[in-house]
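Q:
Number of protein chains: 2
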Amino acid sequence: MRIGEIAGQAGVRSSLIRYYERIGLLPAAFRVSGQRRYDASVLRRLAVIDVAQRAGLSLDEIRHLVDAGSEPISDRLPDLARRKLPEIDALIDRATRVRSWLETAAACDCQTIDECGLFDAVCQPVPEAGTVKRSAHPGGSLTQGLRGRSQAPTRRT
Amino acid sequence: MRIGEIAGQAGVRSSLIRYYERIGLLPAAFRVSGQRRYDASVLRRLAVIDVAQRAGLSLDEIRHLVDAGSEPISDRLPDLARRKLPEIDALIDRATRVRSWLETAAACDCQTIDECGLFDAVCQPVPEAGTVKRSAHPGGSLTQGLRGRSQAPTRRT
DNA sequence: CTCGACCTTGGAGTCGGCTTCAAGTCAAGC
DNA sequence: GCTTGACTTGAAGCCGACTCCAAGGTCGAG
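Here's what the structure looks like:
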């Protein structure tokens, strides 16, 4: 199949497929007089990339995972997986909090966000609510610190 | 408290707080001869923004939620919440799939990604595995279509 | 043999989310 | 009064993830 067909079936633009190839997320496609030809397996790959990315992995991280698959798995895969697990747990946790709050908000008629319990729904039980203060030791702050950010994707389209 | 102190406690840069104020995510701070002064409540706000953002809401969406709180809740809040719920459900679902795969990967010694079941762990049970083909009707494709992307944040720092 | 649809490449542009920089202001201690 | 460190602003820069564009190549139907 040519790139346009793949793109159509995957629901992405051809430019994205070329871009992924360029940055090493997809292996260089087989060419017929310059034009890329694919078999259906690239659709799986694209699906995996999509899900992983939406789950908060960067293209670079995904590339490591996927690279590992094209040749004997590098010893970096289990390491990466172990490093990434707590992050994704945190993501799921946050998303769950926000979800539950959104659920409330979808039905409520409070006058302020705080009446809706946004903060409490969304943040870890803070040691002393009201006394949201803390010694400014770097990294240790509100709800285990806003710091240490390094999450998730940006999606347009 | 001055901006630097808030930033320290929240574990972010002052520039981020100014930026959030600029784009309307934080209300314009009270000034003392030009310099911003805050009370601790802004820490809650920052925490909420952080969690929501990491849960996949854009700053713009968060602004709508948070705007609504500063004045009587706009009628857009429940709407936004209802629109956002399925998205966040999808996010949680994807993250959960990836999580379970990562868990496997952390312990495995397979030779290829596919042996690790990346695709199967990460994608919806596809109608006919192997027959990953479909009529290219826009939006309807692999794993309910990669299309319609519009998720989650980008975080550096 | 031409036409139109589709493909190629490299490079520039866009967008969200920030940070950095330059040039200047403020306040507290010596 | 002067220095020092934290603050101010606006503008520019950066990064990830893409898309778009121009100038051309490929190919199958008519």
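Protein chains in written order, with this note's numbering: chain X, 17 to 173; chain F, 17 to 173.
Even for Gly, the Cβ is constructed at its ideal location relative to N, Cα and C.
Let me see if you follow: with CB-CB separation under 7 Å, is Val114 (chain X) close to chain F or not?
A: Chain F, which has a Cβ nearer than 7 Å to the Cβ of Val114 (chain X), makes this yes.
Q: Give me the chain X residues within the contact set of Arg29 (chain F), using Cβ-Cβ distance strictly less than 7 Å, ordered along the chain.
A: Correct list: empty, because the minimum Cβ distance to chain X is about 10 Å.
Q: Given that Ile104 (chain X) touches chain F, what residues does it touch there, using C-beta distances under 9 Å?
A: Within chain F, the residues near Ile104 (chain X) are Ala111, Thr112, Val114, Arg115 and Leu118.
Q: With a threshold of 7 Å between beta-carbons, can Gly20 (chain F) be considered close to chain X, or not?
A: For Gly20 (chain F), the answer is no, since every Cβ of chain X falls outside 7 Å of its Cβ.
Q: So is Leu42 (chain F) in contact with chain X if we call contact Cβ pairs under 7 Å?
A: No, because no Cβ of chain X sits closer than 7 Å to the Cβ of Leu42 (chain F).
Q: Can at least three beta-carbon pairs, one atom from the region 93-108 of chain X and one from the region 99-112 of chain F, be found at a separation below 8 Å?
A: The answer is yes - the region 99-112 of chain F touches the region 93-108 of chain X, with three or more Cβ pairs under 8 Å.
Q: Among X:His80, X:Cys124, X:Leu41 and X:Gln69, which has the Cα closest to the Cα of Ala121 (chain F)?
A: That would be X:His80, whose Cα lies nearest to the Cα of Ala121 (chain F).
Q: Figure out for me which residue from X:Ile19, X:Val48 and X:Arg98 has the closest Cα to the Cα of Leu42 (chain X).
A: Considering only alpha carbons, the answer is X:Ile19.
Q: Go ahead and pull the three-state DSSP assignment for Glu21 (chain F).
A: Glu21 (chain F): helix per DSSP, three-state reduction.
Q: DSSP three-state label for Val28 (chain F), please.
A: Coil at Val28 (chain F), not helix or strand.
Q: Arg98 (chain X) CB to nearest chain F CB: under 7 Å?
A: Arg98 (chain X) counts as touching chain F.
Q: With a 10 Å radius around its C-beta and 16 neighbouring C-beta atoms as the bar for buried, classify Ala97 (chain F) as buried or exposed.
A: Ala97 (chain F) should be labelled buried.
Q: Please tell me whether Val148 (chain F) has its Cβ less than 7 Å away from any Cβ of chain X.
A: Its pLDDT being 35, under 50, Val148 (chain F) is placed unreliably in this model, and the value from its coordinates should be taken loosely. Output row for Val148 (chain F): interface = yes.
Q: Listing by chain order, which chain F residues have their CB less than 8 Å from the CB of Leu75 (chain X)?
A: Correct list: empty, because the minimum Cβ distance to chain F is about 11 Å.
Q: Under the assumption that Glu119 (chain X) contacts Leu62 (chain F) (Cβ atoms under 8 Å), give the Cβ distance between them as a whole number of angstroms.
A: Glu119 (chain X) to Leu62 (chain F), Cβ: 23 Å. No contact.
Q: Between Val39 (chain F) and chain X, is any beta-carbon pair separated by less than 7 Å?
A: The question names Val, yet the displayed sequence has Ile at residue 39 (chain F). No, because no Cβ of chain X sits closer than 7 Å to the Cβ of Ile39 (chain F).
Q: Are the beta-carbon atoms of Tyr54 (chain F) and Ala44 (chain F) separated by less than 7 Å?
A: Not a contact, by the Cβ cut-off of 7 Å.
Q: Quick one: which unbroken beta strand (DSSP E) runs of 3-plus residues sit fully inside the region 38-95 of chain X? Chain order, please.
A: List check, beta strand (DSSP E) in window: 46-48 and 51-53.
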